[in-house]
Amino acid sequence: MESEDKILKLINFDANASDKNEAINYLQKLRGYKVENLKKDTITLNDDLSNQDLKMQEISFQNYQSFIQTAESSRTVLKKWNETTKHVENLIDKVPAFNENCDDFVKTSFELNTMSRLNNLTMKKHVELLEILDLPTLMQTSIRDQKYADALELATYVEKLSSKFDNVPIINDIVKTIESSWNVMLTQLLSELKCDLTLPKCLQIVGYLRRMQAFSTSELKLKFLQTRDSWFKEILASIPKTDPFQHLIKTIEVTRVNLFNIITQYKALFDDDFTKDTNTKINLMFCSWLHEKIDDFLKTLDTDLSNSCNGSITLMDIGSVLGQCMYFGVSFSRIGVDFRAQTVPIFTKTIIKYLSTAVKKATRQFESDMEKFTLINKDIVPFKRHLKNEEESEKTEKEDANAPSDNLLDFEPLAIYCNAIINIFNELRVCAPLAVLQPFVQSLESSLETVSKAILTFYRSEQQAFGIKEKENFLKMCSSFSFELVPYIQKCINVIFPANHKVLMNLESISTLKTEKILDPIEHLLPDQFKTTKI
């Protein structure tokens, strides 16, 4: 075997294993030949080779067309093969993109399939979906129709939907719309608290606000007071102010009724215990608001009474207002808000102002009448009528204890002045608080002093024209003023403010006119028989 291999290597034989084995077998066969056989075999091989060449030529000649076609076919096949190779290479290059497109197609198909299933499900559930989509409209309709209970239920349902499907965009849009409507409902409920409400309606509205949980308890109390206060102020502002007295009467009624209703509503809504120190700040909030309302009422009372005194108001009207205020205070005392004592200074000031104005008016009228008055050629009853004995005086007093002396009728200015003062006393009888006694007496003293000075002025301007008769008449006038008019006014004071009153028993001096001071300007004009220190 080794020698055959070496021979094959020498001749550079390169073939596959089967050909190599055949070559080795042939070499081994040759090794068995003799020289003669080898020579013959060589000749045989050459002959065979020549025969083979001839056969090949014959075959080539015979199959020339076939060879041509085969060559062309080979060339065509090669060309096609090259093209196919290029196409295959292009195909191989495009396979990844194709795979991606296939993946996209699969994905798109899956999405389309999913959407198809969703659409089918939507078609099956379209009624329920429409109801959900209509929730914002239904919420707005409920609020507009004031069906707040339904609106609260819808809001609760939407809140549950939001917690369950918070990743669904349309649900989030619905939630936003509902929240906007929620704020509208809150504003609308607060606006309704600014209207005239019955207790049940008020309880219902505050109940809705509690269910909305928009405010804490203290904030809800504050909002309630703010809204009711706004309505209360609007009611008061709507009262006509052209007539201060009528404005005051209407204000008292409106304040009493509506303020009491607000307090009742507050106590029904909130369980504040005003008898204990719990929730002090919350209680103070309500108490301070109530104090402010009472304070506003007292300011209105003071202002309107002050303005009314400049008009046609009488003490009877003031007494009527006082009675209403006392009733107002008594009704509020049942809820622990008795403010009657705070009205006393206001009415006292008003009555004092009214009395002072009336007395000054009477005084000015007397001064005006004295400028026109004359004693010349005036017939007056004999002077002896002014010197009644005690029996006649007692008899007259019994006949008409509260009537002024008829002698005043002889002197028109004194009579008119007396009537004006009597009218003041008649009005004062209806409403006569003790607090006005001292300033009223002082006002009367000042007025009587002015009257006395006016009489003195009259005397000084007319004395040169006086005859005996005129002088006598003037003395009668001084006598009537000093010993009839002044004592009569003192008597009226004692009737209105009896000296035996508990408060006045030790304060008699404040109800007594200072007669000496009043008569001091004309004392020197009185006859000697009338001069006395005790009237």
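Everything in the sequence shown is counted per the working numbering, starting at 511 for the first residue and increasing by one. Ideal Cβ positions, reconstructed from N, Cα and C, are used throughout, including at glycine. Being a predicted model, the structure only gives us computed values, none of them experimental.
In this structure, the alpha-carbon of Ile1028 lies about 27 Å from that of Leu825. Counted as a single uninterrupted DSSP element, the stretch harbouring Thr1022 is not any alpha helix (DSSP H), since DSSP gives it neither H nor E. Residues Leu540 of the same chain have their beta carbon placed closer than 8 Å to that of Leu548, with the five preceding and five following residues left out of the count.
Between the segment 836-855 and the segment 760-773, the count of C-beta pairs closer than 8 Å reaches three or more; the two stretches touch.
In chain order, Met722, Ala724 place their CB closer than 7 Å to the CB of Leu696, counting only its own chain and leaving out the 5 sequence neighbours on each side.
Where Pro997 is concerned, the enclosing alpha helix (DSSP H) starts and stops at 996-1006.
Beta-carbon to beta-carbon, Asn917 and Ser1019 are separated by about 29 Å, too far to satisfy the 8 Å threshold. The shortest C-alpha to C-alpha distance from Leu707 to any of Asn682, Thr737, Tyr998, Ser691 is the one to Thr737.
The alpha-carbon of Leu601 is positioned some 41 Å away from that of Ser570. Using a Cβ distance threshold of 9 Å, Ile681 and Ala665 do not count as a contacting pair. Leu919 is positioned such that its CB atom lies no closer than 9 Å to that of Ala913.
Around the C-beta of Thr761, 16 or more other C-beta atoms lie within 10 Å, and the residue is accordingly described as buried.
Below 8 Å, too few C-beta pairs join the segment 872-885 and the segment 832-841 to call them touching: fewer than three. Contact between Lys1024 and Glu955 holds: CB atoms are separated by about 6 Å, below the 8 Å threshold. In this structure, DSSP gives Gly542 a state outside helix and strand, which the three-state scheme calls coil. Using a 10 angstroms sphere on the CB of Asn983, the tally of other CB atoms reaches 16 or more, which defines it as buried. Annotation: the continuous alpha helix (DSSP H) that includes His636 extends over 636-643. Annotated as proximal: Asp812 and Lys859, with beta-carbon spacing under 9 Å. Taking the CA atoms as reference points, Lys550 sits about 21 Å from Ile517. Taken in chain order, the segment 790-853 contains no complete beta strand (DSSP E) segment of 3 residues or longer. By the neighbour-count criterion, in which 16 or more other beta carbons inside 10 Å mark a residue as buried, Asp827 falls on the buried side. If the five residues before and after Ser818 are omitted, its C-beta is found closer than 6 Å to the C-beta atoms of Pro754, Phe755, all from its own chain and listed in chain order. Judged by DSSP in its simplified three-state form, Ile932 adopts helix.
Its Cα nearest to that of Pro646, the residue Ala661 stands out among Leu985, Ala661, Ser560, Tyr543.
The three-state secondary structure of Thr594, taken from DSSP, is helix. Contact check for Leu671 against Ile642 passes: the beta carbons are separated by less than 9 Å. A check of alpha carbon separations from Ala975 across Phe950, Thr884, Val545 identifies Thr884 as the nearest. For the pair of segments examined, the segment 963-973 was found not to touch the segment 996-1009: the number of CB pairs separated by less than 8 Å stays below three. DSSP, reduced to helix, strand and coil, places Asn573 outside both helices and strands of the structure shown, so it counts as coil. Shown here, Ile1028 sits in a helix according to DSSP, grouped into three states.
Distance from Ile931 to Ile999 at the Cβ level is roughly 6 Å; contact confirmed, criterion being Cβ atoms closer than 8 Å. Within the same chain, Ser962, Ile965, Leu966, Tyr969, Cys988, Phe991, Ser992 come within 8 Å of Ile1032 by CB-CB distance, once the 5 residues on both sides are set aside. Under the 10 Å beta carbon count, His597 is surrounded by fewer than 16 other beta carbons and is classified as exposed.
For Gln756, the three-state secondary structure derived from DSSP is helix.
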